[in-house]
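Chemist:
There are 2 protein chains.
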Amino acid sequence: MKEAIQPRTLKTRARLIDAARQVISETGYGALRVEEVVQRAGVAKGTFFAHFRDKDALMDHLIGVRIDACLDDLAAAPAPATVADMVATLDPLMQLMTCERYVFDVIVRHSGAAAIEEIGPIAMTFHKLQHVLENWVDSASFRRDASPQILAEGVQAFMVNAMALNFCALSNTTPLSQRLEPYLSLWLKPD
Amino acid sequence: MKEAIQPRTLKTRARLIDAARQVISETGYGALRVEEVVQRAGVAKGTFFAHFRDKDALMDHLIGVRIDACLDDLAAAPAPATVADMVATLDPLMQLMTCERYVFDVIVRHSGAAAIEEIGPIAMTFHKLQHVLENWVDSASFRRDASPQILAEGVQAFMVNAMALNFCALSNTTPLSQRLEPYLSLWLKPD
DNA sequence: CAAATAAAATGACCGTGGTCAATTATGGAG
DNA sequence: CTCCATAATTGACCACGGTCATTTTATTTG
Numbered sequence: 385m386k387e388a389i390q391p392r393t394l395k396t397r398a399r400l401i402d403a404a405r406q407v408i409s410e411t412g413y414g415a416l417r418v419e420e421v422v423q424r425a426g427v428a429k430g431t432f433f434a435h436f437r438d439k440d441a442l443m444d445h446l447i448g449v450r451i452d453a454c455l456d457d458l459a460a461a462p463a464p465a466t467v468a469d470m471v472a473t474l475d476p477l478m479q480l481m482t483c484e485r486y487v488f489d490v491i492v493r494h495s496g497a498a499a500i501e502e503i504g505p506i507a508m509t510f511h512k513l514q515h516v517l518e519n520w521v522d523s524a525s526f527r528r529d530a531s532p533q534i535l536a537e538g539v540q541a542f543m544v545n546a547m548a549l550n551f552c553a554l555s556n557t558t559p560l561s562q563r564l565e566p567y568l569s570l571w572l573k574p575d
Numbered sequence: 385m386k387e388a389i390q391p392r393t394l395k396t397r398a399r400l401i402d403a404a405r406q407v408i409s410e411t412g413y414g415a416l417r418v419e420e421v422v423q424r425a426g427v428a429k430g431t432f433f434a435h436f437r438d439k440d441a442l443m444d445h446l447i448g449v450r451i452d453a454c455l456d457d458l459a460a461a462p463a464p465a466t467v468a469d470m471v472a473t474l475d476p477l478m479q480l481m482t483c484e485r486y487v488f489d490v491i492v493r494h495s496g497a498a499a500i501e502e503i504g505p506i507a508m509t510f511h512k513l514q515h516v517l518e519n520w521v522d523s524a525s526f527r528r529d530a531s532p533q534i535l536a537e538g539v540q541a542f543m544v545n546a547m548a549l550n551f552c553a554l555s556n557t558t559p560l561s562q563r564l565e566p567y568l569s570l571w572l573k574p575d
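Those protein sequences? They're chains A and B, same order as listed. For the first sequence, position 8 (counting from the first letter as 1) is numbered 392 according to the numbering used here, and the numbering increases by one without interruption. For the second sequence, position 176 (counting from the first letter as 1) is numbered 560 according to the numbering used here, and the numbering increases by one without interruption.
Now the structure itself:
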């Protein structure tokens, strides 16, 4: 009953990921083709799917890693004291998540895990974000008549909403953060 | 410069839609194959794409029609006086929108039009819903320190959020409306 | 070292959405 | 009615994600 992974496996996986990153840096996420990735990695197509359940799983990993790094920055920075501050602090994250329509679609698709055993990198980052937001929201500057949990969940809902509207013709003239601000003001600081 | 559509066109389109509805009633939306639809409609594959830009456009139409009918029911009913009432009234709509994971994905993908000239049936229904919600929200029972517009937009955001969570393993034990209620309470009736 | 066993990689193959040059049907002008 | 321009239809074809029986490579055992 041996189940040790061979060094070869790690090397192949790394080659696939490197190749994918290279393709993406040249043509963006949406234009990535599995065929192109395996060719650059110098492996057969089947090998790709031995390492990733499907193309989405690769995206989940690649995008998840980037979001995770971005969240580390957020967590390291001081907690925003005002709504305007919060919106500004969240901006880099939202920019990253909406860098491409395709990227945003992948994120939305993976933001909730369909099954417990399937929680992927992106779903993880949403938990992490939830944690960060709970800390931010749990300060004297914001309303204290609701649990940080539900407030943070609400902020996430508004973030997703604002990002989705960003791809909508009727409203994509307004910058992301500017669209988010009024919602958070009303949500976090009711009179 | 004649551009009159031939009766034949309407007939073919109707046959395609009928065939699609039939397939869906048997196997659901997600399992629909264009090949199956054109076979039942007795036309060639290319004909399908002469009538619909892509498979998504067919789904946009079919789902849009159903949502629209549901919204007519909502608009006809008396405006809900409480949050609990509102959540209960919205339930049929949310049930429809989440009848299948695939259906919800289609809806999310089409909820905002990418370009003004591309506003499809589903995007239309979101405008219609916005209108209905604005009327509901603009009543004495709810907060009056914010515009009906922004309040209604917030309700939509929370609805989408609640529906998305419905497909998430960690929280899909709670019924949809029950998950929505606390958010709307906090959003529409702050103390 | 050789044989046996398990892991990894291969690539021909498939399903399905979507395209387009060629063909056929339609309806109006003369 | 005939001819013709245009709309509608066709189906072979392509792109791309994904599968799986087979082969190759690594590791263990004797």
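We put the beta carbon where it would ideally sit given N, CA and C, even for glycine.
With respect to the alpha helix (DSSP H) encompassing residue 401/B, which residues constitute its N-terminal and C-terminal limits?
Modeler: By 1-based counting over the second sequence, the position of residue 401/B is 17. Counting along the chain, the alpha helix (DSSP H) containing residue 401/B begins and ends at 391-411.
Chemist: Considering only the beta carbon of each residue, do residue 509/A and residue 564/A sit closer than 7 Å?
Modeler: Here residue 509/A refers to the residue found at position 125 of the first sequence. Here residue 564/A refers to the residue found at position 180 of the first sequence. Contact flag unset, no.
Chemist: Hey, would you say residue 505/B sits closer than 7 Å to residue 445/B, going by beta carbons?
Modeler: Taking the second sequence and counting its residues from 1, the one referred to as residue 505/B is at position 121. Taking the second sequence and counting its residues from 1, the one referred to as residue 445/B is at position 61. A contact, by the Cβ cut-off of 7 Å.
Chemist: Using the Cβ count rule (16 or more neighbours within 10 Å means buried), how would you classify residue 412/B?
Modeler: Within the second sequence, the letter at position 28 stands for residue 412/B. Flag for residue 412/B reads exposed.
Chemist: Could you compute how far the alpha carbon of residue 545/A sits from the alpha carbon of residue 495/A?
Modeler: If you number the first sequence from 1, residue 545/A lands on position 161. If you number the first sequence from 1, residue 495/A lands on position 111. Their backbone Cα atoms lie some 13 Å apart in a straight line.
Chemist: Give the straight-line distance between the Cα atoms of residue 513/B and residue 513/A, rounded to the nearest whole angstrom.
Modeler: Here residue 513/B corresponds to residue number 129 of the second sequence, with the count starting at 1. Here residue 513/A corresponds to residue number 129 of the first sequence, with the count starting at 1. Roughly 30 Å between the two C-alpha positions.
Chemist: I want to see whether chain A comes within less than 7 Å of residue 477/B, judged by CB atoms only; does it?
Modeler: Numbered from 1 along the second sequence, position 93 holds the residue referred to as residue 477/B. No, residue 477/B lies away from the interface with chain A (no Cβ there is under 7 Å from its Cβ).
Chemist: Return the chain-ordered list of same chain residues with a C-beta closer than 6 Å to the C-beta of residue 525/A, the five sequence neighbours on each side being excluded.
Modeler: Here residue 525/A corresponds to residue number 141 of the first sequence, with the count starting at 1. Contacts found: 465.
Chemist: Quick one: list the residues of chain A neighbouring residue 574/B, beta-carbon separation under 7 Å, in chain order.
Modeler: By 1-based counting over the second sequence, the position of residue 574/B is 190. Within 7 Å Cβ-Cβ: 574.
Chemist: To which residues of the same chain is residue 517/A closer than 6 Å at the C-beta, ignoring the five residues directly before and after it?
Modeler: Numbered from 1 along the first sequence, position 133 holds the residue referred to as residue 517/A. Contacts found: 536 and 539.
Chemist: In chain B, what lies closer than 9 Å to residue 544/A by C-beta?
Modeler: The count along the first sequence starts at 1 and reaches residue 544/A at position 160. Correct list: 541, 544, 545 and 548.
Chemist: Compute the Euclidean distance between the alpha carbons of residue 453/B and residue 463/B, then round it to the nearest angstrom.
Modeler: As a position in the second sequence, residue 453/B is number 69, starting the count at 1. As a position in the second sequence, residue 463/B is number 79, starting the count at 1. Going from the Cα of residue 453/B to the Cα of residue 463/B covers about 17 Å.
Chemist: List, in order along the chain, the chain B residues whose C-beta lies closer than 8 Å to that of residue 499/A?
Modeler: Locating residue 499/A in the first sequence gives position 115, where the first residue counts as 1. Those within 8 Å of residue 499/A in chain B are 553.
Chemist: Look up residue 385/B in the DSSP assignment and say whether it is helix, strand or coil.
Modeler: The count along the second sequence starts at 1 and reaches residue 385/B at position 1. Note that residue 385/B scores 41 on pLDDT, short of 50, meaning its location in the model is unreliable and no value can be drawn from it.
Chemist: By alpha-carbon positions, which one of 520/B, 515/B, 460/B and 440/B ends up nearest to residue 488/B?
Modeler: Sequence index remark: in the second sequence, residue 488/B carries index 104 (1-based). Comparing Cα positions, the closest option is 440/B.
Chemist: Return the first residue and the last residue of the alpha helix (DSSP H) that residue 453/B is part of.
Modeler: Working through the second sequence from its first residue, we reach residue 453/B at position 69. That run of the alpha helix (DSSP H) goes 439-460.
Chemist: Looking at the C-beta of residue 570/B, does it have a partner C-beta in chain A at a distance below 7 Å?
Modeler: The sequence position of residue 570/B within the second sequence is 186, counting from 1. Closer than 7 Å to some Cβ of chain A, the Cβ of residue 570/B qualifies, so yes.
Chemist: Three or more C-beta pairs under 8 Å: does that hold for the region 398-409 of chain B against the region 468-482 of chain B?
Modeler: The region 398-409 of chain B, when compared against the region 468-482 of chain B, does not touch it at the 8 Å Cβ threshold.
Chemist: Please confirm if residue 530/A has its CB atom under 7 Å from at least one CB of chain B.
Modeler: The count along the first sequence starts at 1 and reaches residue 530/A at position 146. For residue 530/A, the answer is yes, since a Cβ of chain B falls inside 7 Å of its Cβ.
Chemist: In terms of alpha-carbon separation, which member of 429/A, 428/A and 477/A lies closest to residue 448/A?
Modeler: For this step, residue 448/A is matched to residue 64 along the first sequence. With distances taken between Cα atoms, residue 448/A lies closest to 477/A.
Chemist: Reducing DSSP to helix, strand and coil, say where residue 573/A ends up.
Modeler: The sequence position of residue 573/A within the first sequence is 189, counting from 1. Looking at residue 573/A - three-state DSSP - the assignment turns out to be coil, as it is neither helix nor strand.
Chemist: In chain A, which residues lie less than 7 Å from residue 496/B when you measure between Cβ atoms?
Modeler: Indexing the second sequence from 1 puts residue 496/B at position 112. Under the 7 Å cutoff, chain A gives 548, 549, 551 and 552.
Chemist: Below 8 Å between beta carbons is the criterion; list the residues of the region 557-569 of chain B that meet it against any residue of chain A, in chain order.
Modeler: Here the close residues are 566 and 567.
Chemist: Quick one: grab the DSSP three-state call for residue 539/B.
Modeler: Reading the second sequence from its first residue, position 155 is the one you call residue 539/B. Reduced to three states, the DSSP call for residue 539/B is helix.
Chemist: How far does the alpha helix (DSSP H) with residue 526/A in it extend, from its first residue to its last?
Modeler: Working through the first sequence from its first residue, we reach residue 526/A at position 142. No alpha helix (DSSP H) holds residue 526/A; DSSP gives it neither H nor E.
Chemist: Buried or exposed for residue 493/B, please, with buried defined as at least 16 other CB atoms from any protein chain shown within 10 angstroms of its CB.
Modeler: Position 109 of the second sequence, counted from the start, is the residue given in the question as residue 493/B. So residue 493/B counts as buried.
Chemist: So, with DSSP's three-state summary, where would you put residue 482/A?
Modeler: As a first step, residue 482/A is located in the first sequence; it is residue number 98 there, counting from the start. Correct three-state label for residue 482/A: coil.
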